[in-house]
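Residue numbering for the sequence shown follows my numbering, beginning at 3 and increasing consecutively.
Glycine included, C-beta positions come from ideal geometry on N, C-alpha and C.
Since the structure is predicted, the reported quantities are computational estimates derived from the model, not experimental observations.
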Amino acid sequence: MLKSRLDSLPGYPFARLRRLLEGIEPPAGVDPILMSIGEPQHPPPAIVAEVLAARVADWGKYPPLRGSAEFRRAVADWLTRRFDLPSGFIEPERHVLPVSGTREAIFMFAQVAVSRAEGSIPKPLVLVPNPL
3 MLKSRLDSLP GYPFARLRRL LEGIEPPAGV DPILMSIGEP QHPPPAIVAE
53 VLAARVADWG KYPPLRGSAE FRRAVADWLT RRFDLPSGFI EPERHVLPVS
103 GTREAIFMFA QVAVSRAEGS IPKPLVLVPN PL
């Protein structure tokens, strides 16, 4: 079921958004929130910079799509501690899917999590939090 929903995803939404916004200027004195670039807006914490520097040899290759088993386990363990979940509640192989950026995750989540069955009552409604 999940695979069929993923296969039915439309094209990249931010390319369409960029086309829709072409030529539109924000009002004077208003700083727009840029959602078309996806680049980091803040420097990394010192520990992140240290880890990146220590793994510089790995920069020339993409990570595995699903991340490493070690990473998925670390995510599951953190979620368990952070939200005081029962041990084993988050299964790394089943519940953790690393993504390259928040835009893709937010878009994909809404597409996959909401049933698009004809005649759904009530009609699905999706609320997406502001990731800022």
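Would you tell me roughly how many angstroms separate the C-alpha atoms of M110 and K125, rounded to the nearest one?
Here residue 110 refers to the residue found at position 108 of the sequence shown. Here residue 125 refers to the residue found at position 123 of the sequence shown. For M110 and K125, the distance between alpha carbons rounds to 19 Å.
If we call anything under 8 Å between Cβ atoms a contact, is I92 one with T104?
As a position in the sequence shown, residue 92 is number 90, starting the count at 1. As a position in the sequence shown, residue 104 is number 102, starting the count at 1. Against a cut-off of 8 Å, the Cβ pair of T104 and I92 comes out as no contact.
Mind pulling the alpha helix (DSSP H) runs of 4 or more residues that sit fully within the segment 57-125?
The qualifying runs are 71-84, 94-97, 104-115.
Buried or exposed: A71, going by 16 or more other Cβ atoms within 10 Å of its Cβ?
Reading the sequence shown from its first residue, position 69 is the one you call residue 71. A71 should be labelled exposed.
Mind reading off the beta-carbon distance from F73 to P42? Whole number of angstroms is fine, and I expect it under 8 Å.
For the purposes of this step, residue 73 is taken as residue 71 along the sequence shown, with counting starting at 1. For the purposes of this step, residue 42 is taken as residue 40 along the sequence shown, with counting starting at 1. With a Cβ gap of about 19 Å, F73 and P42 do not count as contacting.
Can you tell me which of the three DSSP states D33 falls into?
Taking the first residue of the sequence shown as position 1, residue 33 is located at position 31. Here D33 sits in coil by DSSP.
How close, in whole Å, do the beta carbons of V77 and V53 come, if the pair is a contact with beta carbons under 8 Å?
Residue 77 sits at position 75 when you count from the first residue of the sequence shown. Residue 53 sits at position 51 when you count from the first residue of the sequence shown. Taking 8 Å as the upper bound for CB-CB distance, V77 and V53 are not in contact here, some 16 Å apart.
Could you check where the alpha helix (DSSP H) with P47 kicks off and where it finishes?
The sequence position of residue 47 within the sequence shown is 45, counting from 1. It is not in any alpha helix (DSSP H) - P47 carries neither H nor E in the DSSP assignment.
Check L129 in the structure and name its three-state DSSP category.
The sequence position of residue 129 within the sequence shown is 127, counting from 1. DSSP places L129 in coil when its eight states are reduced to three.
Can you list, in chain order, the residues of its chain whose CB lies under 8 Å from that of A107, leaving out five sequence neighbours each side?
Residue mapping note: residue 107 aligns to position 105 of the sequence shown, counting from 1. Same-chain partners within the cutoff: V101.
Span separating the alpha-carbon of P28 from that of I35
By 1-based counting over the sequence shown, the position of residue 28 is 26. By 1-based counting over the sequence shown, the position of residue 35 is 33. So the two alpha carbons sit approximately 10 Å from each other.
With DSSP run on the structure shown, which of helix, strand or coil describes S6?
Along the sequence shown, read from residue 1 onward, the residue named residue 6 stands at position 4. Helix, per DSSP.
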